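In full-length UniProt numbering, the protein residues as written are 1 to 326.
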């Protein structure tokens, strides 16, 4: 009997370990594996220590302080659990932090699985300028009129060229200002008082792939972990720019990654899988060619919730591949 493997699941932003409720049972059935799901410090149902931003320091110092807050808390948890090596699987923000942990503690990570990770590609050069102007991110356009464009594409280009309303411009600028001052969406939910549950119900109500019972339970759970005292959510503005682009993009940092690394995205994901493909090329150029990229059908950003069948199958196959090499 080979030694047990350890799979550690880390959640994304605005969620908690409970969002893996459609995955844990199936993954725990893989022979020879222990499965853990954890909350990041200051999120989910974890403790809520104060987070002290270093906004007065340089951006690099501000980012390093915020990242280490999460990385070192994960390392302390690993030590206390007595886990020597693990397969580290992180979703969204959890993917970003899991990648950084693997870079700092490569001897502790047997395989890295990044599930729709944010913070991989560099921010487009005109992104913040467009936000300040009230336009939002530029869309990729097909040929312009006279070069084979369709009327639909012409309408899209025309709509984007229209001057946004003053209220939209002010709304975008306010959102950017709040983000830069470390006011996260959880703060907005808490500030609505008795209406906070209604906001969460609207958010979770979009998850039409869940049953009514599941949606009600997930909404109750999400509301509970959102209205708890604020903590590490304040670090998000230190790490990310508006639009979930990292201040220090992973694509420029993953070259030295030394363990097999897998990227997973939903086929309809708002996080562009091209960032993962670019990172894979950088990793390969640095000499680590044991990488892969999967796109899960019938799923968006929350692929582990939207299509747990294919998500669980892919992850279980990666776990079994490790067992076979032992």
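By construction, the Cβ of each residue, glycine as well, lies at the ideal position given by its N, Cα and C atoms. Bear in mind that the values here come from a model prediction, so they are computed numbers and not experimental data.
Could you check if residue 205 is buried or exposed, using at least 16 other CB atoms within 10 Å of its CB as the buried criterion?
-> exposed
In whole angstroms, what is the alpha-carbon distance linking residue 273 and residue 15?
-> 21 angstroms
Neighbourhood of residue 194 by C-beta distance below 7 angstroms, restricted to the same chain and skipping five residues each side = none
Checking contacts by CB at 8 angstroms: is residue 7 closer than that to chain B?
-> You won't find chain B in this structure, because it holds only one protein chain.
Would you decide whether residue 287 is buried or exposed? Buried here means 16 or more other CB atoms lie within 10 Å of its CB.
-> Per the 10 Å Cβ criterion, exposed.
Assuming residue 264 contacts residue 294 under a Cβ cut-off of 8 angstroms, what Cβ separation, rounded to an integer in Å, is found between them?
-> 5 angstroms
6 angstroms CB neighbourhood of residue 19 in its chain, flanking five on each side removed = 11
Contacts around residue 327, its chain only, beta-carbon distance under 6 angstroms, and the 5 residues preceding and following it disregarded = Residue 327 lies beyond the range of the chain shown here (1 to 326); nothing can be said about it.
My guess is that residue 103 and residue 257 are in contact by the Cβ rule of under 8 angstroms, so how many angstroms apart are they, rounded?
-> Separation of the CB atoms of residue 103 and residue 257 is rounded to 6 angstroms, and the pair is thereby assigned contact status at 8 angstroms.
Roughly how far, in whole angstroms, is the beta-carbon of residue 299 from the beta-carbon of residue 321, given that I think they are within contact range, below 8 angstroms?
-> Actually they are not in contact, since the Cβ atoms of residue 299 and residue 321 sit about 22 angstroms apart, beyond 8 angstroms.
Where does residue 202 land, buried or exposed, given buried means 16+ other C-beta within 10 angstroms?
-> exposed
Name, in chain order, the residues that DSSP records as bridge partners for residue 295.
-> Residue 295 pairs with 265.
Excluding the five sequence neighbours on either side, which residues of its own chain have a C-beta within less than 6 angstroms of the C-beta of residue 73, listed in chain order?
-> 41
Tell me whether residue 66 sits in a helix, a strand or coil according to DSSP, three-state version.
-> helix
Nearest to residue 47 by CA position, among 228, 289 and 236, is which residue?
-> It is 228.
Closest Cα partner of residue 116 within the set 106, 305 and 316 | With distances taken between Cα atoms, residue 116 lies closest to 305.
Residue 30: which of 67, 319 and 39 sits nearest, CA to CA?
-> Cα-wise, what sits closest to residue 30 is 319.
Where do the N-terminal and C-terminal ends of the beta strand (DSSP E) with residue 227 fall, by residue?
-> Neither: residue 227 is in no beta strand (DSSP E) and is coded neither H nor E.
Inter-residue CB distance, residue 232 and residue 51 (contact presumed, cutoff 8 angstroms) | Confirmed, about 5 angstroms.
Going along the chain, which unbroken runs of the beta strand (DSSP E) with 3 or more residues stay wholly within the stretch 68-103?
-> 86-91
Opening and closing residue of the alpha helix (DSSP H) in which residue 192 lies | No alpha helix (DSSP H) holds residue 192; DSSP gives it neither H nor E.
Please report the residue range of the alpha helix (DSSP H) in which residue 309 lies.
-> Counting along the chain, the unbroken alpha helix (DSSP H) around residue 309 starts and ends at 308-325.
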